[in-house]
Structures are given as C-alpha cells and as structure tokens.
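S.K.: Quick note on the working numbering: the sequence shown kicks off at 320 and runs consecutively. All C-beta atoms, glycine included, are put in the ideal place defined by N, C-alpha and C. Pasting in a structure now, in structure tokens, and then I'll have a few things to ask.
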Amino acid sequence: MGTDIDKKKKSDTFTNLVQNTVDLSKKAASNAKSGVLSMMEKAKNDSYVRKLKKYNPLFPDRYQSADFHLPNMIMIVDDAVRRGIDVCEGSIGWLGTESGVEILYLYDEAVEFSGIQFIPTAACDAIYYVDNFDRNRFVNTDCLFTRAHEEKLAELKHIAHSLGARKCTIEISESSTNNTSQKKSVSVNESYHSAAEQEGGEQSISLKGFDSRSGHIEIEFSGNSEPERPTLKWFAHDDNILRLIDMCCSGKNSVKTETLELSGSSSATMSQKTAYAIDCAIGQVSKMSGQVSMDAQAAKEHKRKLLFHIEF
C-alpha cells in the first residue's frame with residue numbers, strides 16, 4: 320500500500336515537472352514572439368517617424384490651428400508629386416526650407432481649402448510672396464514689383480482726388496550709371512485709366528516717354544470743395560505725404576500747390592536682403608529659366624524717385 324502511494328507521488332511530481340517545463344517553454348516562446356513583434360513595431364514606428372521628418376507633410380488640422388504660422392512664400396504644386404506616399408495621405412502639401420527661406424508647397428487641389436487669395440490667379444508651379452498689407456493675399460513673384468509700382472501710382476492719384484485737387488502730375492525717374500536713355504511715346508496703361516476712373520473725377524491722362532527709366536503722368540480732376548483724409552497703404556508712414564494731408568485738412572492756409580519728392584526706398588516693396596534671399600530660394604525650387612531677378616528689381620526700385628506735384 321505504501322509502495323503504491325510513493326509511486327503515485329513520484330508520478331505526480333514527474334507530471335508537474337513536465338507540465339512546468341512545457342509552460343515555461345510556451346511562456347518563453349510567447350515572450351520571444353512578443354519581443355520580435357515589439358521590435359518590428361518599434362522599427363516600423365521609427366521608419367514612419369523618419370519619413371514624417373523627411374517629407375514634413377502639412378495636414379488640415381495643423382494648418383487651421385491657432386499656433387500655425389503661414390510662411391511668406393508659397394509654391395503651388397501638383398498633388399500627384401507625392402501621391403502614394405503613406406505619410407502624405409490626407410495632407411494639403413508640405414513645408415520646406417530653401418536657402419533659409421521657409422516655403423509652403425501647397426497642392427493645387429487644396430488652394431480653395433487654404434482660403435488664400437492668389438494674385439493674379441492660382442497656377443500650378445507658380446511661386447507667390449505674401450502681400451505687404453494682407454497676410455491672406457499672396458502675389459506671384461513674376462509681377463510682384465510691377466503690381467506694387469502700379470498700386471503706388473494709384474494711391475498718389477487717390478490722395479490727390481481725396482484732397483480735392485484740380486490737377487496732379489507724377490514724374491517717374493530712375494537713377495542709372497548709363498545716362499543715355501531713348502524715350503518713346505506709348506499709350507497710357509489701362510490700369511492707370513481704370514484706377515483713376517474709380518475716383519469719380521473728370522480727368523485726362525497722358526504718359527510721355529515712359530520706359531524702364533522715366534515717365535510722366537498727368538491727371539486733371541473736376542475738384543472737390545471739402546478735402547477728405549485718404550486711405551493710405553504704401554505712403555501711410557511717409558512724413559511728406561502726411562504733412563500735406565494735415566495741411567489740406569486743417570482748414571487753415573489752404574495749399575495752392577505742392578511738389579514732393581518721394582524716394583523709392585521710403586515705400587519699398589521689400590528690402591534688397593529679402594529680395595536676394597527670395598532669389599536664392601526660387602533658384603532652388605524652380606526649374607524655369609529667364610525669371611527676372613528679385614534682387615535686381617529691388618535695387619531698381621530703391622533708385623526710383625517719384626515727383627508728386629499737386630494743384631488745387
């Protein structure tokens with residue numbers, strides 16, 4: 320009887336040992352499998368993070384967040400360039416930096432979603448820079464300086480009309496090392512005509528000898544009895560313009576005639592340092608050749624002078 324009990328105890332002990340061994344083996348195998356899966360998942364996550372850093376996609380929620388700062392330069396690109404890249408799925412473009420300039424590469428299909436106004440229009444592969452007075456407007460770099468110049472001329476005409484002037488002339492000159500310049504007669508640009516018409520005054524406009532170096536604009540108004548303070552953008556901080564407005568609106572010692580020399584640097588579209596940085600960035604991202612240098616245009620603008628003559 321005792322022998323049978325001893326045999327049973329030994330059998331149970333052996334069975335327990337086998338079972339424990341099996342359990343330990345299963346646990347070890349499970350842990351090993353779990354460890355492999357964990358390593359694979361970590362490697363997968365690390366790879367995803369590296370790809371996120373590489374492609375730097377911009378997603379709608381980040382774009383709409385209060386702490387997102389829109390770069391000053393935007394390039395519109397075809398969304399197909401990154402189609403099929405998993406980390407870019409659902410993005411509206413990506414952020415990049417070229418020559419120290421941060422750029423938003425915005426997919427053409429996300430232009431409407433962005434809520435940004437592109438001047439003159441949104442076009443694929445075009446590059447835009449932020450408007451000086453409205454961060455929701457971006458102007459094509461191909462026409463940035465031309466548009467700014469036309470806005471300044473329109474603003475001077477607006478000033479003359481608001482102050483009740485009978486006539487104003489704007490002389491445009493640019494200093495140059497080359498003193499020989501051939502002048503030719505051309506018809507007034509339509510943008511000048513339409514801008515002046517919006518003021519509501521009767522006028523005649525002539526543009527004589529206007530080329531890249533000089534020009535003359537003359538405008539006649541019907542004249543207004545009560546001067547009004549004009550809305551200013553480009554000349555909002557020009558002391559000469561502000562002084563003229565104050566004199567005309569003070570009601571004392573009314574001005575009969577005034578001539579102001581306005582330096583191009585006082586109402587510059589951008590600094591030459593900024594223009595040079597933009598040139599370098601554009602050179603990195605754009606394959607288009609023959610683009611006019613922003614730096615050259617900025618230098619030209621700084622040399623430009625506007626002689627603003629106004630009669631009441």
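Please classify residue 426 as buried or exposed, where buried requires at least 16 neighbouring CB atoms within 10 angstroms.
M.R.: buried
S.K.: Kindly indicate the opening and closing residues of the alpha helix (DSSP H) around residue 466.
M.R.: Unbroken alpha helix (DSSP H) run through residue 466: 463–481.
S.K.: Under the rule that 16 or more other beta-carbon atoms within 10 Å means buried, what is residue 462, buried or exposed?
M.R.: exposed
S.K.: My understanding is that residue 577 touches residue 536, with C-beta atoms under 8 Å, so please give their C-beta distance in whole angstroms.
M.R.: Not really, about 16 Å apart at Cβ, beyond 8 Å.
S.K.: When the Cα of residue 273 is compared with those of 587, 586, 604 and 613, which residue comes out closest?
M.R.: Shown here, the chain extends from 320 to 631; a query on residue 273 therefore has no answer.
S.K.: If you measure between the beta carbons of residue 409 and residue 378, is that distance less than 8 Å?
M.R.: yes
S.K.: Do you know how far the Cα of residue 403 is from the Cα of residue 589?
M.R.: 39 Å
S.K.: Would you give the residue range spanned by the beta strand (DSSP E) that residue 456 belongs to?
M.R.: 456–459
S.K.: Less than 7 Å between the CB of residue 558 and some heavy atom of the ligand MG, yes or no?
M.R.: What this structure holds is no ligand at all, so the ligand MG is not there to describe.
S.K.: Output the boundary residues of the alpha helix (DSSP H) element that contains residue 430.
M.R.: Here the alpha helix (DSSP H) through residue 430 covers 430–433.
S.K.: Take residue 415 and list the residues in its own chain whose beta-carbon comes closer than 7 Å to its own, dropping the five residues that flank it on each side.
M.R.: 375, 422 and 424
S.K.: What do you get for residue 550, buried or exposed, if any count of 16 or more other CB atoms within 10 angstroms of its CB means buried?
M.R.: It counts as exposed.
S.K.: Three-state secondary structure (DSSP) at residue 546?
M.R.: coil
S.K.: At the level of alpha carbons, what is the spacing between residue 446 and residue 562?
M.R.: 38 Å
S.K.: Taking just the CA atoms, how far does residue 489 sit from residue 565?
M.R.: Rounded to the nearest angstrom, the two C-alpha atoms are 21 Å apart.
S.K.: My parser needs the beta strand (DSSP E) runs of 3 or more residues fully inside the segment 590–630; what are they?
M.R.: 623–630
S.K.: Pop quiz: residue 538 and residue 624 are said to be a contact at Cβ under 8 Å. What is the actual Cβ separation, rounded to whole angstroms?
M.R.: 19 Å between Cβ atoms; not a contact.
S.K.: Helix, strand or coil, according to DSSP, for residue 371 in the structure here?
M.R.: helix
S.K.: Within 10 Å of its beta-carbon, does residue 616 have 16 or more other beta-carbons around it, so buried, or fewer, so exposed?
M.R.: Under this definition residue 616 is a buried residue.
S.K.: For residue 459 and residue 438, which I take to be in contact (beta-carbon distance under 8 Å), what is that distance rounded to the nearest angstrom?
M.R.: Going by Cβ atoms, the distance from residue 459 to residue 438 rounds to 7 Å, so yes, they are a contact pair.
S.K.: In whole angstroms, what is the alpha-carbon distance linking residue 479 and residue 398?
M.R.: Cα-Cα distance, rounded: 47 Å.
S.K.: Which residues does DSSP list as the beta-bridge partners of residue 566?
M.R.: The partner list for residue 566 (beta bridge, DSSP) is empty, contrary to what the question assumes.
S.K.: So if DSSP puts residue 415 in a beta bridge, which residue, or which two residues, is it bridged to?
M.R.: 422
S.K.: Here's a check: name, in chain order, each residue in its chain whose Cβ is nearer than 6 Å to the Cβ of residue 393, leaving out the five neighbours to either side.
M.R.: Cβ within range, chain order: 423, 425, 447 and 457.
S.K.: In whole angstroms, give me the CA-to-CA distance for residue 580 and residue 370.
M.R.: Each residue's Cα considered, the two are about 56 Å apart.
S.K.: Would you identify the three-state DSSP class for residue 404, choosing helix, strand or coil?
M.R.: coil
S.K.: Considering residue 487, what are the terminal residues of the beta strand (DSSP E) in which it resides?
M.R.: 486–493
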